[in-house]
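Novice:
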């Protein structure tokens, strides 16, 4: 079997189980909330309008944004009750997905109840049913087929949207999809998508059986299909109750770009060699990954000095690189219980890059030179740069007034510069494509952009573990920027030489600089 | 203070009962009336005269704004509505059979609610309304309109109520079925010793089935007479106008028949 397919299938059972548990729990929560709400709303048209309006409003929020929104909400809530509420991982995913699943169930519940023939309701009253008897004997059975159709829709949505929970640190089939998209590993993407689609089809089919059984009043079939569904969720949840494996498991985090996937695999190789079992949690957003480490959701990952400096420490000034690392190390240990094991030896800074030909023609060497030509240029950036404090810091030092700005995913940002759609981009200094495409990186004579030394960070669980430290120490100061660029390029290039993150990590492991 | 002897004889009593919907003129305007046990009453009037509203105040499908309705000497508000309704049979034009239940389950619903055994009661009731036993296992959508209303009557009689309320019970049926079912209900009324109140807009049906006809207009009882007195023109102008229609029709039919002969 193909190596890439084998490694993708290896991770599939664990991720599929996590996906099933998450989607199942979200659907049950949505049911528990929307059925009573639907019953109450069906009796009060004014309330039904408000509730359905709110549920529709939730639906208009993109699922990705809804997941991200729960992070600050849960942080605030946690602060209110004095801590203890996890803002990342399972809980925000569960709440966001449940909220998302609310509308179809609620809408069909109200429609089903309101659509019952008024004569039947009058008869139910006239034969002497109480409200509870009317609901149980008449309204529920008559509305059930419509409600079941809503539950089916909700289930399919939830299974699809659960792939997005990867971005808030909850493992799901999205781990495969996001990792595959970033590293151009289409086998991973395909395995993730196919698994999610098959899961959705199977669940839809079983719920369809329940729906038909409810409509035709065939109890046996209905209960059998329901039993299969519940058994599936239980089986998926089983490992959570099983005894922990004897080898300690280290969870390695990674953000959503190639360098991070490669470094995660490199760390993983080293830890596996030292006898640890490892697990990857990839595709985490910049905003959540450090908190995931501090909260113990992940145990180790690589972050960048400038990112921690501006995002986590909220600093708007700059310091020399060495002093910055020192301050970050002290702050992380004292304020967050996170240890900085050390810098890896390279920097991945924001770097303004232009095409080599343009640099020669327009005599562009520094950011000061860029100020001169910016009004006639479009700036291409990654998706977050324009909102980041670094952009504000650069603009304070250099009055850059671009004609327009456009945001791209990293791969397309380089293509946009190559094709002339934009004149300059906010590149990454460790990116292999800078050299491969013959781009010129403009210098920063006023030192406006903070240093972005790659730092190896570990959470509290392994900070006192000597074997763990010994396994990772050889990485400190061992990755010169040229090697990192080469490894990144192996994953980012789009020709036949393209490699997986694991293959690039294997190469990088053999190319470490030894002091 | 009402003399006990009067209470004894009244199955239903309305005492200054009024009901209005919103700002519209009252649907029922201060109706005071006694209905004697064992009588078959027809409540006749045009659409919107308030006859259905008045009927529904008895089993509290409608609660009056003012006044007191009593059944068997006790105010209807003294009993929780669901218990009150189990003592009163109710048949209405739309029938309202439960579409997800068999005919037997529909008929026995009152027994189910009371957690009583059915013990052959379904067959007895099917027999009573003139339907074969094998109808028990059918679903309502497999029945004709007349058969459905027979099931509706059987369901209303399942808990052996003394009082049967009927709101346009035969309004949606063809004339032949209508006539058959009307006679069947009248026979049941006599056989079971019921007190029956039937709302209808059809004066001929009222005259043929009832012991006493009440005519309603604009929420008030404007005539209260036996069929015989109505036909004799002793019930006032409004009642005469209503009686004139079937009478003229009958007269024209008779002339038609003679002309041919």
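Protein chains in written order, with the UniProt record's numbering: chain P, 1 to 515; chain U, 1 to 261. Yeah, the Cβ is synthetic: ideal placement off N, Cα and C, and Gly gets one too.
By Cβ distance, which residues of its chain are closer than 7 Å to residue 232 of chain P, with the 5 residues on each side in sequence left out?
Specialist: Hits under 7 Å: 20.
Novice: Assuming residue 262 of chain U and residue 38 of chain U make a contact with CB atoms under 8 Å, what is their CB distance in whole Å?
Specialist: The shown model of chain U, from 1 to 261, leaves out residue 262 of chain U, and the question about it has no answer.
Novice: Can you pull the chain U neighbours of residue 141 of chain P, defined as C-beta to C-beta under 8 Å?
Specialist: By Cβ distance, chain U contributes 100.
Novice: Would you mind stating whether residue 364 of chain P and residue 440 of chain P have Cβ atoms separated by less than 8 Å?
Specialist: In contact: residue 364 of chain P and residue 440 of chain P (Cβ atoms closer than 8 Å).
Novice: Suppose you measure from the CA of residue 4 of chain U to the CA of residue 72 of chain U; what does that come to, to the nearest Å?
Specialist: Because residue 4 of chain U carries a pLDDT of 45, less than 50, the predicted location of this residue cannot be relied on, and the following value inherits that uncertainty. Cα to Cα, residue 4 of chain U sits roughly 12 Å from residue 72 of chain U.
Novice: For a quick check, are the C-beta atoms of residue 59 of chain U and residue 188 of chain U less than 8 Å apart?
Specialist: No, the Cβ-Cβ distance between residue 59 of chain U and residue 188 of chain U is not below 8 Å.
Novice: Can you tell me which residues form a DSSP beta bridge with residue 277 of chain P?
Specialist: Answer is P:249.
Novice: When DSSP labels each residue in this structure, what does residue 199 of chain U get in the three-state scheme?
Specialist: Of the three classes helix, strand and coil, the one that applies to residue 199 of chain U here is strand, per DSSP.
Novice: Identify the contact partners of residue 221 of chain P in chain U, using a Cβ-Cβ distance below 7 Å as the criterion.
Specialist: Ordered by position in chain U, no residue passes the 7 Å Cβ test against residue 221 of chain P, which lies about 17 Å from the chain.
Novice: Does any residue of chain P bring its CB to less than 8 Å from the CB of residue 94 of chain U?
Specialist: At least one chain P Cβ lies under 8 Å of residue 94 of chain U.
Novice: Check this for me: beta carbons of residue 159 of chain U and residue 217 of chain U, under 8 Å apart or not?
Specialist: Against a cut-off of 8 Å, the Cβ pair of residue 217 of chain U and residue 159 of chain U comes out as no contact.
Novice: When DSSP labels each residue in this structure, what does residue 121 of chain P get in the three-state scheme?
Specialist: If DSSP states are grouped into helix, strand and coil, residue 121 of chain P belongs with the helices.
Novice: When DSSP builds the beta bridges, which residues end up paired with residue 168 of chain P?
Specialist: Bridge partners of residue 168 of chain P: none, in fact.
Novice: Could you tell me whether the stretch 311-324 of chain P touches the stretch 273-280 of chain P, using the rule of 3 or more Cβ pairs below 8 Å?
Specialist: As far as the Cβ criterion goes, the stretch 311-324 of chain P does not touch the stretch 273-280 of chain P, which means the pair count is below three.
Novice: May I have a chain-ordered list of the alpha helix (DSSP H) segments no shorter than 4 residues that lie completely inside the stretch 83-115 of chain P?
Specialist: For the stretch 83-115 of chain P, whole alpha helix (DSSP H) runs of length 4 or above, ordered along the chain, are 90-114.
Novice: Under 9 Å Cβ-Cβ, which residues of chain P neighbour residue 155 of chain U?
Specialist: Simply 123 and 127.
Novice: What's the C-alpha gap between residue 476 of chain P and residue 29 of chain P?
Specialist: Rounded to whole angstroms, residue 476 of chain P to residue 29 of chain P spans 46 Å at the Cα level.
Novice: What's the gap between the Cα of residue 8 of chain P and the Cα of residue 191 of chain P?
Specialist: Approximately 7 Å, taken between the alpha carbons.
Novice: From residue 60 of chain P to residue 73 of chain P, what distance separates their C-alpha atoms?
Specialist: Cα-Cα distance, rounded: 19 Å.
Novice: Could one say the Cβ of residue 170 of chain P lies closer than 8 Å to chain U's Cβ atoms, at least one of them?
Specialist: It does not: the Cβ of residue 170 of chain P has no partner Cβ on chain U nearer than 8 Å.
Novice: Classify residue 519 of chain P: buried if its beta carbon has 16 or more other beta carbons within 10 angstroms, exposed otherwise.
Specialist: Summary: the structure shown does not reach residue 519 of chain P, with chain P confined to residues 1 through 515, and so no result is reported for it.
Novice: I need the straight-line Cα distance from residue 576 of chain P to residue 341 of chain P, nearest angstrom please.
Specialist: No answer is possible for residue 576 of chain P: it lies beyond the span of chain P, which begins at 1 and ends at 515.
Novice: Residues of the stretch 109-124 of chain U in Cβ contact with chain P at a cutoff of 7 Å, in chain order, please.
Specialist: Flagged, chain order: 109, 110 and 113.
Novice: With 16 as the cutoff for other CB atoms within 10 Å, does residue 32 of chain U come out buried or exposed?
Specialist: Its Cβ having fewer than 16 others within 10 Å, residue 32 of chain U is exposed.
Novice: Which residues in chain P sit within 9 Å of residue 85 of chain U, going by Cβ to Cβ distance?
Specialist: Residues of chain P passing the Cβ test: 125, 126, 127, 128 and 129.
Novice: Hey, which unbroken runs of the beta strand (DSSP E) at 3 residues or more fall wholly within the stretch 361-406 of chain P?
Specialist: List check, beta strand (DSSP E) in window: 378-381.
Novice: Can you tell me whether residue 109 of chain P is buried or exposed, with buried defined as 16 or more other CB within 10 angstroms of its CB?
Specialist: Buried, because 16 or more other Cβ atoms sit within 10 Å of the Cβ of residue 109 of chain P.
Novice: Do residue 172 of chain P and residue 22 of chain P have their CB atoms nearer than 8 Å?
Specialist: It is a contact, given that the beta carbons lie within the stated cut-off.
Novice: Please state whether DSSP places residue 431 of chain P in a helix, a strand or coil.
Specialist: The answer is coil: DSSP assigns residue 431 of chain P none of H, G, I, E or B.
Novice: 8 Å is my cut-off, CB to CB: does residue 90 of chain U come that close to chain P?
Specialist: Yes, because at least one Cβ of chain P sits closer than 8 Å to the Cβ of residue 90 of chain U.
Novice: Quick check on DSSP: helix, strand or coil for residue 233 of chain U?
Specialist: Note: residue 233 of chain U maps to coil in three-state DSSP.
Novice: Identify the contact partners of residue 120 of chain P in chain U, using a Cβ-Cβ distance below 9 Å as the criterion.
Specialist: 94, 96, 97, 98 and 99, listed in chain order.
Novice: Output the distance between the C-alpha atoms of residue 101 of chain U and residue 140 of chain U, rounded to the nearest integer angstrom.
Specialist: Those two C-alpha atoms are separated by around 8 Å.
Novice: Who does residue 34 of chain U pair with in a DSSP beta bridge?
Specialist: Paired residue(s): U:13.
Novice: Please compile the residues from chain U whose C-beta is within a distance smaller than 8 Å of the C-beta of residue 136 of chain P.
Specialist: Ordered by position in chain U, no residue passes the 8 Å Cβ test against residue 136 of chain P, which lies about 11 Å from the chain.
Novice: Give a yes or no on whether 8 Å exceeds the smallest Cβ distance from residue 55 of chain U to chain P.
Specialist: No, no contact with chain P.
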